[in-house]
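In UniProt numbering, the protein residues as written are 1 to 325. In this text, a Cβ means the ideal position worked out from N, Cα and C, and glycines have one as well.
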Amino acid sequence: MTAFFKLLKEGNKPSLLAAAVNAFLGIIKGIAFFFTGNVAMFAEMMHSLGDAANQLFVFIGSALSKKAPTKQFPTGFGRIVNLVCLFAVIIVAILSYETIKEGWHHFIHPSGESKGVLIALGVLMVGIILEGTVLAKASVEVLHEAGQPKAGLASILKAFAYLNRAKPATKLVFMEDLVATGGNILAFLAIIIAYLTGWGRIEGLVSMIIGCMMFYVVGKVFLDNARGVIGETDQEMLNHIAHIVMDNPNIKDIVRLEVIKEGEYLHVEVVAEADAHLSLAFLDDVRDHLTEIIASQKSVSKVTILFDEDDGQTTWTHIGEKPEQ
Numbered sequence: 001m002t003a004f005f006k007l008l009k010e011g012n013k014p015s016l017l018a019a020a021v022n023a024f025l026g027i028i029k030g031i032a033f034f035f036t037g038n039v040a041m042f043a044e045m046m047h048s049l050g051d052a053a054n055q056l057f058v059f060i061g062s063a064l065s066k067k068a069p070t071k072q073f074p075t076g077f078g079r080i081v082n083l084v085c086l087f088a089v090i091i092v093a094i095l096s097y098e099t100i101k102e103g104w105h106h107f108i109h110p111s112g113e114s115k116g117v118l119i120a121l122g123v124l125m126v127g128i129i130l131e132g133t134v135l136a137k138a139s140v141e142v143l144h145e146a147g148q149p150k151a152g153l154a155s156i157l158k159a160f161a162y163l164n165r166a167k168p169a170t171k172l173v174f175m176e177d178l179v180a181t182g183g184n185i186l187a188f189l190a191i192i193i194a195y196l197t198g199w200g201r202i203e204g205l206v207s208m209i210i211g212c213m214m215f216y217v218v219g220k221v222f223l224d225n226a227r228g229v230i231g232e233t234d235q236e237m238l239n240h241i242a243h244i245v246m247d248n249p250n251i252k253d254i255v256r257l258e259v260i261k262e263g264e265y266l267h268v269e270v271v272a273e274a275d276a277h278l279s280l281a282f283l284d285d286v287r288d289h290l291t292e293i294i295a296s297q298k299s300v301s302k303v304t305i306l307f308d309e310d311d312g313q314t315t316w317t318h319i320g321e322k323p324e325q
């Protein structure tokens, strides 16, 4: 049990913060829905509770993925975070369906004027502020994981360009809180419009829109993590590491190079060709040098390098332009 709690300390902090914030918002939105009967508030309650459960699972999964490799599982537990994300989106998918169904029912059969408009607007304003804060923190974390500096208020917009380089848990938090913040704003506007115009159907319409936004996150997260579970190549790092290997004057060719995502980390395996006249002791020094350089690259946790004698033919032809350092 002590080891488990030690692992939890290594979990993705933005996920834990987002889970706590969404749990709090889910509770107060549920209370507001009970007193107002507002269907847009119902949609936001379901959204917040779904995100809270989702992000809590992701936090636990990200922590368990840090567990050290064992004899039975020599490649480690990095892909656990992908498996947990796949499980978590099932919860969001169910809540998305319920949100759309309830929104459709209200759109077809409006229940009349909602009560407690000020209560609903106040709760949603709290949601906008808290979700926006978590989104801003997730944006900063995305930039940090991509090796980019913070950009103040522009961090959210800048984070979109580097989202694919973020860890799975951080990416999920960013996307969910982006949709959550947008959902709060839409629900806020829907309640104002319904109050001023008397068109109550807009609350049902917005509820369906929020449900569809949730389904988009489900689809995106599912596809990203399904690739992670199978074992996806990091093409950008593959190109970068190929340049590192080929820049060594003792390497004549690359027979095979694999850079596989293992959750938040990368495992690298290289089979390279070298001059047959080089001694084993010299090649061992070359391997140590390359291993040290490759292991120092961002997110690389395991490096395996094997040598074969040069056959005089060029096998590796996949190197593109050298990436910026």
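With respect to the alpha helix (DSSP H) encompassing Ala43, which residues constitute its N-terminal and C-terminal limits? For the purposes of this step, residue 43 is taken as residue 43 along the sequence shown, with counting starting at 1. Val39 to Leu64 is the span of the alpha helix (DSSP H), which, as asked, contains Ala43.
Between which two residues does the beta strand (DSSP E) containing residue 326 stretch? Given that the chain is displayed from residue 1 to residue 325, the structure contains no residue 326 and the question cannot be resolved.
Are the CB atoms of Ile244 and Ala272 nearer to each other than 7 Å? For the purposes of this step, residue 244 is identified with residue 244 of the sequence shown, where counting begins at 1. For the purposes of this step, residue 272 is identified with residue 272 of the sequence shown, where counting begins at 1. Not a contact, by the Cβ cut-off of 7 Å.
Does DSSP put Lys9 in a helix, in a strand, or in coil? As a first step, residue 9 must be located in the sequence shown, where it is residue number 9. Three-state result, Lys9: coil.
Could you spell out where the alpha helix (DSSP H) holding Ala146 opens and where it closes? Mapped onto the sequence shown, residue 146 falls at position 146. Looking at the DSSP string, Ala146 is not in any alpha helix (DSSP H), and its letter there is neither H nor E.
When DSSP builds the beta bridges, which residues end up paired with Val259? For this step, residue 259 is matched to residue 259 along the sequence shown. Looking at the DSSP assignment, Val259 forms a beta bridge with Val268.
Return the CA-CA distance between Ala120 and Thr36, expressed in angstroms with no decimal places. By 1-based counting over the sequence shown, the position of residue 120 is 120. By 1-based counting over the sequence shown, the position of residue 36 is 36. Straight-line Cα distance between these residues: approximately 7 Å.
Proximity of Ser207 and Ala93 at Cβ, strictly below 7 Å: If you number the sequence shown from 1, residue 207 lands on position 207. If you number the sequence shown from 1, residue 93 lands on position 93. Cβ distance not < 7 Å, so Ser207 and Ala93 don't count as in contact.
By the DSSP assignment, the alpha helix (DSSP H) with Ser279 in it spans what residues? Here the question's residue 279 lines up with position 279 in the sequence shown. Premise fails: Ser279 is in no alpha helix (DSSP H) and is neither H nor E.
Three Cβ pairs or more, each shorter than 8 Å: is that satisfied between the stretch 180-194 and the stretch 45-56? yes
Among Asp275, Val217 and Ile305, which one has its Cα closest to the Cα of Pro168? Residue 168 sits at position 168 when you count from the first residue of the sequence shown. Measuring from the Cα of Pro168, the nearest candidate turns out to be Val217.
Bridge partners for residue 350 per DSSP, in chain order? Residue coverage of the chain in this structure runs from 1 to 325, which leaves residue 350 outside it and unanswerable.
So the alpha helix (DSSP H) Ser207 belongs to, where does it begin and stop? Indexing the sequence shown from 1 puts residue 207 at position 207. Arg201 to Ile230 is the extent of the alpha helix (DSSP H) around Ser207.
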